[in-house]
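Okay, structure first, notes after.
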Amino acid sequence: MMASQTDVMARLMALKPAHVKPLFSTVEGWKKFQAEEAMKSNQQLTDRNRQARMEKIIGRSGIQPMHQKCSFSNYSVECPEQQAALDAAKGFVASFGKSHGGFVFSGNCGTGKNHLGSAIAKNLIKRGHSAMVMTVSELFENHRATFSKDSPVKEAGLLRDLCNIDLLVLDEVGLQKGSEYEINLLTNIVDRRQLQLKPTGMLTNKNFDEMVAMIGERIMDRQTDGGIWVPFTWSSMRGRKGMKS
Ligand SMILES: Nc1ncnc2c1ncn2[C@@H]1O[C@H](COP(=O)(O)OP(=O)(O)OP(=O)(O)O)[C@@H](O)[C@H]1O
Ligand SMILES: [Mg+2]
5 MMASQTDVMA RLMALKPAHV KPLFSTVEGW KKFQAEEAMK SNQQLTDRNR
55 QARMEKIIGR SGIQPMHQKC SFSNYSVECP EQQAALDAAK GFVASFGKSH
105 GGFVFSGNCG TGKNHLGSAI AKNLIKRGHS AMVMTVSELF ENHRATFSKD
155 SPVKEAGLLR DLCNIDLLVL DEVGLQKGSE YEINLLTNIV DRRQLQLKPT
205 GMLTNKNFDE MVAMIGERIM DRQTDGGIWV PFTWSSMRGR KGMKS
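If you want my numbering, it's the 1-based position in the sequence shown plus 4.
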């Protein structure tokens, strides 16, 4: 005679060592656990597909080779402000998915904005999310390439993929000319991503007022709504002993 699910559950519970706390103890709990696990693995599959799709379209991995070794553990802390930046970056990863707020790392050259931005993206990819760090000029280049009638990637498709990726970190924001085309594209992406509850990160040498002047109040308003602004005020770490570039 076939054992009922209740019998199987009773046997499982009897086999379990006394010190092990079960994840479920009833048939209903078991079914719920199985359904949740299936959902989790489906979601991870979708995120991995998004990452692969984006990397194929852009033609490179989500993090540039120069920043692939950047991590939280090899980020040196020499002042309280650097500690605050490291804590903010770690906090962003820890609370990822709980809010759609993004981040802006603003400050001097060589202070580690790409280092921490890449470490965030790397950590998220490791956890099964999709993430990409991309300069604004690379974004424009990829977008303009879709205008060619021979382009295998269509504009709508590129925008959809850029908006579907879990974390998009835009680098060198504020260096562009600030033309109507550029502002419209950035606003469109930040807006659409926010509607889909996908945060955007920004790395920039500009301060808040300069950012507003360059890319407009609308984008900055979206970007700082629920997001974090982290100042990188110390001097350059580039070329220091032990630093890579
Ligand atoms: N606190 C740090 N600990 C270890 N390495 C660091 C730290 N800060 C920066 N670096 C290293 O210094 C180099 C320059 O840093 P990074 O490219 O992140 O600077 P940045 O703030 O993005 O500069 P820029 O504004 O010029 O683009 C990188 O190799 C990075 O790994
Ligand atoms: Mg940089």
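Even for Gly, the Cβ is constructed at its ideal location relative to N, Cα and C.
Everything numeric in this text was worked out from a predicted model, so none of it was measured.
Per-residue DSSP class, three states only, for Phe144: Here the question's residue 144 lines up with position 140 in the sequence shown. In the structure shown, Phe144 sits in a helix (DSSP, three-state: H, G or I).
Have a look at Gly116 and Met241 and give me their C-alpha separation to the nearest angstrom. As a working mapping, residue 116 is identified with position 112 in the sequence shown. As a working mapping, residue 241 is identified with position 237 in the sequence shown. Here the alpha carbons of Met241 and Gly116 stand approximately 7 Å from one another.
Tell me, please, which residues DSSP counts as bridged to Val216. To locate residue 216, count along the sequence shown from 1; it is residue 212. In the DSSP assignment, Val216 is bridged to no other residue.
Is Thr237 near ligand 1, going by C-beta to nearest heavy atom under 6 Å? The residue labelled residue 237 in the question sits at position 233 within the sequence shown. The answer is no for Thr237.
Just verifying my parser: in three-state terms, what is the DSSP assignment at Ser110? What you label residue 110 is simply residue 106 of the sequence shown in a count that begins at 1. The three-state reading of DSSP puts Ser110 in strand, counting E and B together.
For ligand 2, any of its heavy atoms closer than 6 Å to the Cβ of Asn209? Your numbering for residue 209 matches position 205 in the sequence shown. Short note on Asn209: C-beta not closer than 6 Å to any heavy atom of ligand 2.
Contacts around Asp165, its chain only, beta-carbon distance under 8 Å, and the 5 residues preceding and following it disregarded: Within the sequence shown, residue 165 is the residue found at index 161, counting from 1. Around Asp165, the same chain offers Arg54, Arg57, Met58, Ile61 as residues with beta carbons nearer than 8 Å, after the five sequence neighbours per side are excluded.
Close beta carbons around Gly230, own chain, < 7 Å, minus the five adjacent residues each side: Residue mapping note: residue 230 aligns to position 226 of the sequence shown, counting from 1. Apart from the 5 residues on each side of it in sequence, Gly230 sits with its Cβ closer than 7 Å to the Cβ of Ser103, His104, Gly105 in its chain, given in chain order.
Pairwise C-alpha distance: Met43 and Met206: The residue you call residue 206 lines up with position 202 of the sequence shown. The residue you call residue 43 lines up with position 39 of the sequence shown. Met206 and Met43 have their C-alpha atoms some 31 Å from each other.
Candidates Phe107, Asp154, His119: closest to Thr228 by CA position: If you number the sequence shown from 1, residue 228 lands on position 224. Nearest option by C-alpha distance: Phe107.
If Tyr79 and Ala123 are in contact, beta carbons under 8 Å, what's the gap, nearest whole angstrom? To locate residue 79, count along the sequence shown from 1; it is residue 75. To locate residue 123, count along the sequence shown from 1; it is residue 119. Contact between Tyr79 and Ala123 holds: their C-beta atoms lie close to 7 Å from each other, under 8 Å.
Quick check on Lys248: does DSSP put it in helix, strand or coil? For the purposes of this step, residue 248 is taken as residue 244 along the sequence shown, with counting starting at 1. Here the model assigns Lys248 a pLDDT of 49, short of 50, so the residue's position is not dependable and the matter cannot be decided.
Rounded C-alpha distance that separates Arg15 from Thr50: For this step, residue 15 is matched to residue 11 along the sequence shown. For this step, residue 50 is matched to residue 46 along the sequence shown. Their backbone Cα atoms lie some 36 Å apart in a straight line.
Among Leu143, Glu159, Lys126, Glu142, which has the Cα closest to the Cα of Thr150? For this step, residue 150 is matched to residue 146 along the sequence shown. Checked all of Leu143, Glu159, Lys126, Glu142; the closest Cα to Thr150 is Glu159.
Thr295 (DSSP reduced to helix, strand or coil): Missing from the structure shown is residue 295; the chain here goes from 5 to 249 and no further.
Does the Cβ of Pro203 have 16 or more other Cβ atoms within 10 Å, making it buried, or fewer, making it exposed? Against the sequence shown, residue 203 aligns to sequence position 199. Pro203 is buried by the Cβ-count criterion.
Straight-line Cα distance separating Met17 from Thr208: Residue 208 sits at position 204 when you count from the first residue of the sequence shown. Residue 17 sits at position 13 when you count from the first residue of the sequence shown. A direct Cα-to-Cα measurement between Thr208 and Met17 gives close to 56 Å.
Candidates Lys181, Gly101, Phe109, Ser75: closest to Gln198 by CA position: Walking along the sequence shown from the start, residue 198 turns up at place 194. Of the candidates Lys181, Gly101, Phe109, Ser75, the one whose C-alpha sits nearest the C-alpha of Gln198 is Gly101.
Say yes only if the C-beta of Thr115 is nearer than 6 Å to one or more non-hydrogen atoms of ligand 1, and no if none qualify. As a working mapping, residue 115 is identified with position 111 in the sequence shown. For ligand 1, at least one heavy atom lies less than 6 Å from the Cβ of Thr115.
State the Cα-Cα distance for the pair Asn146 and Leu163, rounded to the nearest angstrom. Residue 146 sits at position 142 when you count from the first residue of the sequence shown. Residue 163 sits at position 159 when you count from the first residue of the sequence shown. Each residue's alpha carbon lies about 10 Å from the other.
Can you tell me whether DSSP reads Asp11 as helix, strand or coil? Position 7 of the sequence shown, counting from 1, holds the residue named residue 11. Note: Asp11 maps to helix in three-state DSSP.
Boundaries of the alpha helix (DSSP H) in which Ala22 is found, first to last residue: In the sequence shown, counting from the first residue as 1, residue 22 sits at position 18. Run containing Ala22: none; DSSP gives neither H nor E here.
For Phe37, the three-state DSSP class (helix, strand or coil): In the sequence shown, counting from the first residue as 1, residue 37 sits at position 33. The DSSP-derived three-state label of Phe37 is helix.
CA nearest to the CA of Ala93, picked from Ser141, Arg222, Asn118: As a working note, residue 93 is residue 89 in the sequence shown. Here the closest residue by C-alpha is Asn118.
Thinking just about the alpha-carbon of each residue, which of Asn46, Arg52, Lys20, Phe37 is nearest to the one in Ile169? Along the sequence shown, one-based indexing puts residue 169 at 165. Measuring from the Cα of Ile169, the nearest candidate turns out to be Arg52.
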